[in-house]
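Undergrad: Have a look at the structure that comes next, please.
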Amino acid sequence: MESVKAVVFACGTEEYAVPVEQAISIEKLEQITPIPHLPNYLLGFTRNRGELIPVLDFERILYNRSSNAATARIIVLNTDVVNYGLLVTEAREILDLDDSILKQMGLVNYSKTRYFTAVANLENRMITYVDPKILVNSLDGIREIINYLHKMLENEKENVEA
Numbered sequence: 003m004e005s006v007k008a009v010v011f012a013c014g015t016e017e018y019a020v021p022v023e024q025a026i027s028i029e030k031l032e033q034i035t036p037i038p039h040l041p042n043y044l045l046g047f048t049r050n051r052g053e054l055i056p057v058l059d060f061e062r063i064l065y066n067r068s069s070n071a072a073t074a075r076i077i078v079l080n081t082d083v084v085n086y087g088l089l090v091t092e093a094r095e096i097l098d099l100d101d102s103i104l105k106q107m108g109l110v111n112y113s114k115t116r117y118f119t120a121v122a123n124l125e126n127r128m129i130t131y132v133d134p135k136i137l138v139n140s141l142d143g144i145r146e147i148i149n150y151l152h153k154m155l156e157n158e159k160e161n162v163e164a
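Letter 9 of the sequence shown, counting from 1, is numbered 11 in my numbering, and no numbers are missing.
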């Protein structure tokens with residue numbers, strides 16, 4: 003029987019999970035530099051291990067309200083598009099989810115929730131599985147932000163090499 007290791011976190015009153023192999027780290031909410039006129043889901047940028055990353059507010063994406071709980075954490079995720087931080091209400095645990103309990107969701111057909119790829123229906127809880135790459139690619143305006151970030155990183159590299 004196959005299983006998937008996942009980082010489980012809370013957002014609002016619901017539980018979600020991302021693949022553990024895409025989670026670089028889980029950080030406390032610290033210095034985020036806000037930038038004016040960005041989409042409301044983008045809190046700004048922060049440095050993580052020397053890398054400049056955008057921080058996305060998952061509660062704002064889902065419920066259009068901000069997550070500012072004392073337990074809030076940033077899960078730093080790695081995708082082939084961009085590394086980014088996902089602000090969540092609380093990071094809970096790492097679980098092994100058997101393929102037998104992961105049910106593919108029909109909601110992937112709904113354009114606004116394509117990033118929900120499966121649901122783990124456990125005895126006393128339900129965990130929605132999120133694909134970090136589909137999530138970041140589904141956000142309005144993210145492509146321009148990623149392009150801007152790549153240009154900034156190129157300039158940073160050139161300045162270091164000069």
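Beta carbons: idealized from backbone N, C-alpha and C, even for Gly.
Everything numeric in this text was worked out from a predicted model, so none of it was measured.
Let me know the secondary structure DSSP gives T35 once reduced to three states.
TA: strand
Undergrad: Are the beta-carbon atoms of E61 and C13 separated by less than 8 Å?
TA: The Cβ-Cβ distance between E61 and C13 falls below 8 Å.
Undergrad: To the nearest angstrom, how far is the alpha carbon of E158 from that of R49?
TA: 13 Å
Undergrad: Can you tell me whether D98 is helix, strand or coil according to DSSP?
TA: strand
Undergrad: Less than 8 Å between C-beta atoms, sequence neighbours within five positions excluded: which residues of the same chain meet that for I96?
TA: K7, A8, V9, V10, V22
Undergrad: Does the count of Cβ pairs from the segment 85–96 and the segment 113–131 closer than 8 Å reach three?
TA: no
Undergrad: Kindly indicate which residue of S68, I55, A72, L99 has the alpha-carbon position closest to the one of L78.
TA: Looking at the sequence itself, residue 78 is Val, so the reference to Leu does not match. Closest by C-alpha distance to V78, out of S68, I55, A72, L99, is I55.
Undergrad: Whole-angstrom Cβ separation of V83 and V138, contact assumed at under 8 Å?
TA: Between V83 and V138, the beta carbon gap of about 6 Å places them in contact (Cβ cut-off 8 Å).
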